[in-house]
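Visitor: In the working numbering, the protein residues as written are 487 to 1125.
C-beta: ideal position from N, C-alpha, C; glycine also.
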């Protein structure tokens, strides 16, 4: 049998590891799982699939009669999938079982023929080296157009483009990366072939991954359509709205600023509003008033955020329902209807929303109004794309920019430093001389970092600062690991009680890493382990006591130090920020970290490294995207 011909074995994968993984992974094979799949493999080896189909008694002895009957029935209906898996096995393709199973499920009985015709279609689910080995096994030549197109696709989906958060790459840059994959120089005809084959989209001499191009074009068209529209439910009478604003402001200690008041008014006049504001500028105050005035007029505001912790903070700050984007999408996709005209959808921390999230939200918007609220100086999305930042800059999008900072008292120096960081400038920072409002910097080597942190924490705690009111926010995983390892070592002295199955002790700070609405736990919830008694673990997370289980240990991490991304949306009276040389640290990361503080910011490390980081352009500005160009194209089409 050669590599071109499906194996003559009834279409069943013969590699025990592949088939074992298939049985354990597929939910349709009920009551099997990893352990039983391993036991079946050990008992039957290469004959396992045949034993299941023949309903061998030995199978029932291991997994039970009901599970054995179900497995035989399921396997009978999955022959196209297993045929494809077996064919991949016969090629020695070395594709991970999980990826192979996804491909088999997606391609079905036509999979073998399609991949035999063009094995480079597999580039969508596996790495270049693997798919290139398959291509060689099927006698695809090094200069075959199929191989060249796939090299461009791999480039656009890799670290040069999507992997760097971008959605667009100059053709020459894409070809330079593709040449390294192909092993030879190539010309513009390769880029043209990729566009012609649908492996790339051309945009003014540059290339985009097709999926990203489609989503950017959709988002640009949809948002451009929304921008001039009034709410589907109608414009609120100005006199009525002014009366509502006066009623809201009367009991407040401070009146709304002109910009805040205009933002509330615009939410009643326009279907799309972009609300941009720097940290502490009063965005939440605006959202609270938007919610109150809209509710008075029988509208339903719904706040969505990317993280569970941010949703909880929005709920506490506004008193309104706030859920994660993931939960919103799940709820909407279960519904047959889109949002109605009486809904005002508010995306808080919108600067954190990537292209995919914005695209999915817009597809479910229906007749609702949309408010995108965020800080354009903070970190860009973790996922590819930059939408919010582009909307803030675009002249045809209605927006309100809040640039007057309220949260931090001016005497702390935090607002002035934040403004300087946004502009790439820092002045002279004094050393730490005690716990008091302000910004300090103390130089230290990385080897001495933890000693310096202890010195600062000791002084801060002695002044009455609770340990949970002082948070270490580290720009890189290297510093996070150093700090968490050091302080965990201190906690382990004296043999404390440990969380079963983990190395976490009573009293240690932790962060919860998944959303669990039923238990009231959100991704990013911070707290401490209060007690451990046998299998009962009590922890305080975001101010609420939770009884956790041994298996919950997989969802927690030490939180002596946390990342800047995890800190977004939260604030503490004091923060400590290590700064050392790193290519990934830029002004937006430093800005986001320091604006988490209400009263005190204490930097430790290298002032030179901090200066270089602040001089670098913000990460959002470095990303190359096509979204702004699509907005311009929509404008040209209208004209």
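Go to residue 525, then tell me how far its alpha helix (DSSP H) extends in each direction, as first and last residue.
Guide: Residues 519–530.
Visitor: Using the C-alpha atoms, what's the distance from residue 978 back to residue 992?
Guide: Near 10 Å, if we compare the C-alpha coordinates of residue 978 and residue 992.
Visitor: State the DSSP-derived secondary structure class of residue 787, mapped to helix, strand or coil.
Guide: In this structure, residue 787 counts as strand in the three-state DSSP scheme.
Visitor: Look up residue 490 in the DSSP assignment and say whether it is helix, strand or coil.
Guide: Summary for residue 490: the model assigns pLDDT 48, below 50, so the residue's position carries little reliability, and this model does not support an answer.
Visitor: Please go through the same chain and pick out, in chain order, the residues whose beta-carbon is closer than 6 Å to the beta-carbon of residue 489, but skip the five residues on each side of it.
Guide: Annotation note: pLDDT 43 at residue 489 (below 50); position unreliable, coordinate value reported separately. If we look at residue 489 and ignore the five residues flanking it on each side, its Cβ neighbours are 577, 623.
Visitor: Less than 9 Å separating the beta-carbons of residue 773 and residue 857?
Guide: Yes, the pair counts as a contact, with Cβ atoms nearer than the cut-off.
Visitor: With a floor of 3 residues, list each beta strand (DSSP E) that falls wholly inside the region 639–703, ordered by position along the chain.
Guide: For the region 639–703, whole beta strand (DSSP E) runs of length 3 or above, ordered along the chain, are 687–689, 692–694.
Visitor: Once the 5 residues before and after residue 853 are set aside, which same chain residues still bring their CB inside 6 Å of it?
Guide: Same-chain partners within the cutoff: 718, 826, 827.
Visitor: Thinking just about the alpha-carbon of each residue, which of 1064, 880, 922 is nearest to the one in residue 1114?
Guide: The shortest C-alpha separation from residue 1114 is found at 880.
Visitor: Given that a residue counts as buried once 16 or more other Cβ atoms are within 10 Å of its Cβ, and exposed if not, what is residue 740?
Guide: Residue 740 is exposed by the Cβ-count criterion.
Visitor: According to DSSP, which residues form a beta bridge with residue 1013?
Guide: Answer is 996, 1027, bridged to residue 1013.
Visitor: Under three-state DSSP, which class holds residue 495?
Guide: The pLDDT assigned to residue 495 is 48, lower than 50, so where the model puts this residue is not dependable, and the model offers no usable value.
Visitor: Do you know offhand how far residue 487's Cα is from residue 598's?
Guide: Only weak support is given to the placement of residue 487: the predicted model assigns it a pLDDT of 38, under 50, and the value that follows is read from those uncertain coordinates. Using only the alpha carbons, I get a separation of about 15 Å.
Visitor: Give the DSSP-derived three-state secondary structure of residue 742 in the structure shown.
Guide: If DSSP states are grouped into helix, strand and coil, residue 742 belongs with coil.
Visitor: Indicate whether residue 995 and residue 1045 have their beta-carbon atoms separated by less than 9 Å.
Guide: Against a cut-off of 9 Å, the Cβ pair of residue 1045 and residue 995 comes out as a contact.
Visitor: DSSP beta-bridge partners for residue 922?
Guide: Its beta-bridge partners do not exist; DSSP assigns none.
Visitor: For residue 1032 and residue 602, I'd like the C-alpha separation in whole angstroms.
Guide: The straight-line gap from Cα to Cα measures roughly 54 Å.
Visitor: In whole angstroms, what separates the C-alpha of residue 939 from that of residue 1062?
Guide: Approximately 8 Å between the Cα atoms of the pair.
Visitor: If you run the structure through DSSP and keep just helix, strand and coil, what is residue 1113?
Guide: It is helical.
Visitor: Helix, strand or coil for residue 756, going by three-state DSSP, please let me know.
Guide: Three-state result, residue 756: coil.
Visitor: Within 10 angstroms of the Cβ of residue 497, are there 16 or more other Cβ atoms? Answer buried if so, exposed if not.
Guide: Any reading at residue 497 is ruled out, since the residue's pLDDT is 49, under 50, leaving its predicted position unreliable.
Visitor: My output table needs one value for residue 570: the three-state DSSP class, helix, strand or coil.
Guide: DSSP places residue 570 in helix when its eight states are reduced to three.
Visitor: In the DSSP output, what is residue 810 paired with across the bridge?
Guide: In DSSP, residue 810 forms a bridge with 791.
Visitor: Between residue 526 and residue 548, what straight-line distance do the alpha-carbon atoms span, to the nearest angstrom?
Guide: Approximately 7 Å, taken between the alpha carbons.
Visitor: For residue 619 and residue 608, what's the separation of their Cα atoms in angstroms?
Guide: Their Cα atoms are separated by approximately 11 Å.
Visitor: Within the chosen definition, does the region 1094–1103 reach the region 626–645 through at least 3 CB pairs nearer than 8 Å?
Guide: At 8 Å Cβ cutoff, the stretches do not touch.
Visitor: Would you report the Cα separation of residue 721 and residue 786, rounded to the nearest angstrom?
Guide: Computed Cα separation, rounded: 15 Å.
Visitor: Could you round the C-beta distance between residue 506 and residue 523 to whole angstroms and report it? I think they count as a contact, below 8 Å.
Guide: Between residue 523 and residue 506 the Cβ distance is about 5 Å, and since that is below 8 Å, they are a contact.
Visitor: Rounded to whole angstroms, what's the CA-CA distance from residue 813 to residue 920? Just pull it up for me.
Guide: Rounded to whole angstroms, residue 813 to residue 920 spans 44 Å at the Cα level.
Visitor: Identify the residues that DSSP records as bridge partners of residue 829: which are they?
Guide: BP columns for residue 829 point to 786.
Visitor: Would you list the one or two residues that DSSP bridges to residue 1033?
Guide: Its beta-bridge partners are 1024.
Visitor: Is it the case that the Cβ atoms of residue 565 and residue 586 are separated by a distance below 9 Å?
Guide: Cβ distance not < 9 Å, so residue 565 and residue 586 don't count as in contact.
Visitor: Run through DSSP, which three-state label would residue 780 get?
Guide: Reduced to three states, the DSSP call for residue 780 is helix.
Visitor: Rank 855, 666, 573 by C-alpha distance to the C-alpha of residue 824 and give the top, closest one.
Guide: When each option's Cα is compared against that of residue 824, the closest is 855.
Visitor: By Cβ distance below 6 Å, which residues in the same chain neighbour residue 831 in space, the five residues on each side in sequence not counted?
Guide: So the list reads 788, 854, 856, once near-sequence residues are dropped.
Visitor: Does the count of Cβ pairs from the region 900–919 and the region 1067–1084 closer than 8 Å reach three?
Guide: At 8 Å Cβ cutoff, the stretches touch.
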